[in-house]
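Asker: If you read the sequence shown in this note's numbering, its first letter stands for residue 7, the second for the next number, and so on.
By construction, the Cβ of each residue, glycine as well, lies at the ideal position given by its N, Cα and C atoms.
One structure, pasted below without further comment.
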Amino acid sequence: AQQDDSERKIKILESWEALSAVGRPVAAPPGIPADRLAFLREAFEKAMNDPEFVASSEEADRELSFASGEEMAGIAKAATELDADVEELFVRAIRGEI
């Protein structure tokens, strides 16, 4: 049981770290049509690589860190697909209950 508890705590920390590392993600709602999702991902990537946008962000001292939609989906999935008992501990940890 002790090892199981340690493994659950490790998973919680890994999930917290993954979610913390994403900064300020931009997300579309679940079930968005594939063509709209592709359009939004392409537009966002173009903006993040636009020299004027990058320069204005640097002038405003705003750090940019681009991750593709596929990368962000993978991070979110890995961080949020938790077993029920681990999810319960994760929620309690976020609330400061443990």
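1. Check D11 in the structure and name its three-state DSSP category.
2. Is it a yes or a no for the stretch 89 to 101 touching the stretch 61 to 70, going by three-plus beta-carbon pairs under 8 Å?
3. On the criterion of 16 or more Cβ atoms from any shown chain inside 10 Å, does I18 qualify as buried, or is it exposed?
4. Return helix, strand or coil for I104, following the three-state DSSP convention.
5. Within the chosen definition, does the stretch 30 to 50 reach the stretch 96 to 103 through at least 3 CB pairs nearer than 8 Å?
6. Could you tell me the boundaries of the alpha helix (DSSP H) in which A85 lies?
7. Rounded to a whole number of angstroms, what is the C-alpha to C-alpha distance between A85 and A33?
Answerer: Working from what's here:
1. helix
2. no
3. buried
4. coil
5. no
6. G75 to T86
7. 15 Å
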